[in-house]
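The next block holds one structure in the form of structure tokens; read it before the comments.
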Amino acid sequence: MGSTTPSLPAASDSAASASLSPSRRAWLRFKRNRQGYWSLWLFCALVLVSLCAELVSNDKPLIVRYEGQTYFPMLRDYSEKTFGGDFDTPTDYLDPFIQQRLSADGNWALYTLNRYGPNTLNYFAKSPNPSAPTADNWLGTDDRGRDLLAQLLYGFRVSVLFGLALTATGVVLGVVTGAIQGFFGGKTDLAFQRFIEIWGSMPELYLLIIFSAVFAPSIALLLILLSLFGWMGLSDYVRAEFLRNRQLDYVKAARALGVGNWHIIWRHILPNSLTPVVTFLPFRMSAAILALTSLDFLGLGVPPGTPSLGELLSQGKNSIDAWWISLSTFAVLVVTLLLLTFMGDALRDALDPRKADK
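As numbered in UniProt numbering, the sequence shown has no gaps in its residue numbers, which increase by one up to the final residue, 358.
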């Protein structure tokens, strides 16, 4: 009888996995979580579309060809007289007269997919505002006559960029304070802990109300105020990681070789203490988006005129019959937070040391 050589796929897969770097193995585990992996791609696609919102939803055409001349309204304002109007004012490209001039005698204009900007009022709506979805306004208009699709697109961009900025600021402050506490310990750790206890007991919402009454509302002011309190939760996790890692042999060996404290923190302990930081990033961003939406809903957020998901929710509360406002805004928030939650769950599983060999 002939003998056959048994195949060892499990052993070969294990050897191949062992030859990969830890970050590569974590990425492969993340990809195996299909829900989190595709949530990442979908979220990135939505962010990319929102960053290019001016090319998707705008009340100005991309290109205008009029009487042999080429114009770029997004880059420069042109008066009505340029296109046969009577007034020396910026052209309203939604005006039926202007649209007729741009479509006659070989003239043409290339418009965006949605012909409304975030603050464009539909003066030619056939029903009073807020109006239900129509062929012109796909998701309807709000109580001021602004296109709801444009409001959601630009409001999503403001929320995401604000969430990224607040998350980045909180991560930097949390990592720095947690690293100092965990590495030096002793009186330094005790002093920081007492400060965090006092600082964390301050009424954040009352401070926001006071500052909103004293200073003009702005996104920068809101970012500063929320950043003052958003670092404490992450600081505790980084502190715990540093307290654990500073007792390991590689840190003791570095100290024995005369390596400085800050070099040990930056080059040795910090890279091995970033697992909770990376894991909590999507959840922190979700909290930042919810915080901005809640403050906008209460009227304490972004300046008036800025596209805001919270303001749209407030409009939906005040106009119960305009169901399209609440429904579409709520759908955008739910999808955004679900995608971030799925990404966070997948990232947590990928960085879980108990699943490193799976």
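Each residue gets a CB set at the ideal place from its N, CA and C atoms; glycine is no exception.
Since we're looking at a predicted model, the values are computed, not measured.
Shown here, Arg146 sits in a strand according to DSSP, grouped into three states. The shortest CA-to-CA distance from Trp199 to any of Leu225, Gly182 and Pro217 is the one to Leu225. Contact between the region 49 to 62 and the region 18 to 35 is absent: fewer than three C-beta pairs spanning the two stretches fall below 8 angstroms. Judged by their CB atoms, Val160 and Pro307 are not nearer to each other than the 8 angstroms cut-off. Ranked by how close their Cα comes to the Cα of Ala291, the residues Leu309, Phe97, Gln193 and Tyr78 have Leu309 in first place. Per DSSP, the beta bridge partners of Leu110 are Ile63. Between the region 29 to 44 and the region 144 to 158, the count of C-beta pairs closer than 8 angstroms stays below three; the two stretches do not touch. Taking the C-beta atoms as reference points, Val302 is found nearer than 8 angstroms to Ile219. For the set Thr336, Ile98 and Asp77, the Cα lying nearest the Cα of Asp86 is the one of Ile98. The beta carbon of Trp41 sits closer than 6 angstroms to no other beta carbon from its chain once the five residues preceding and following it are set aside. Between the alpha carbons of Leu205 and Ala45 lies a gap of roughly 34 angstroms.
Counting along the chain, Gln99 sits inside no beta strand (DSSP E); it lies in the alpha helix (DSSP H) bounded by residues Pro96 to Leu102. Residue range Gln69 to Tyr71 is occupied by the beta strand (DSSP E) that includes Gln69, with no alpha helix (DSSP H) assigned at that position. Gln315: member of the alpha helix (DSSP H) spanning Leu309 to Asn318, first to last residue. Taking a contact as a CB-CB distance under 8 angstroms, the pair Ser319 and Asp143 counts as one, their CB atoms being some 6 angstroms apart.
Annotated three-state conformation of Ser201 is coil, per DSSP. DSSP, read as helix, strand or coil, puts Thr306 in coil. Boundaries of the alpha helix (DSSP H) harbouring Asp345: Trp323 to Ala350, taken from the DSSP string.
Residue range Arg34 to Leu51 is occupied by the alpha helix (DSSP H) that includes Gln35.
Here DSSP, grouped into helix, strand and coil, assigns Thr167 to helix. Distance between Asp95 and Arg101, taken at the CA atoms: about 10 angstroms.
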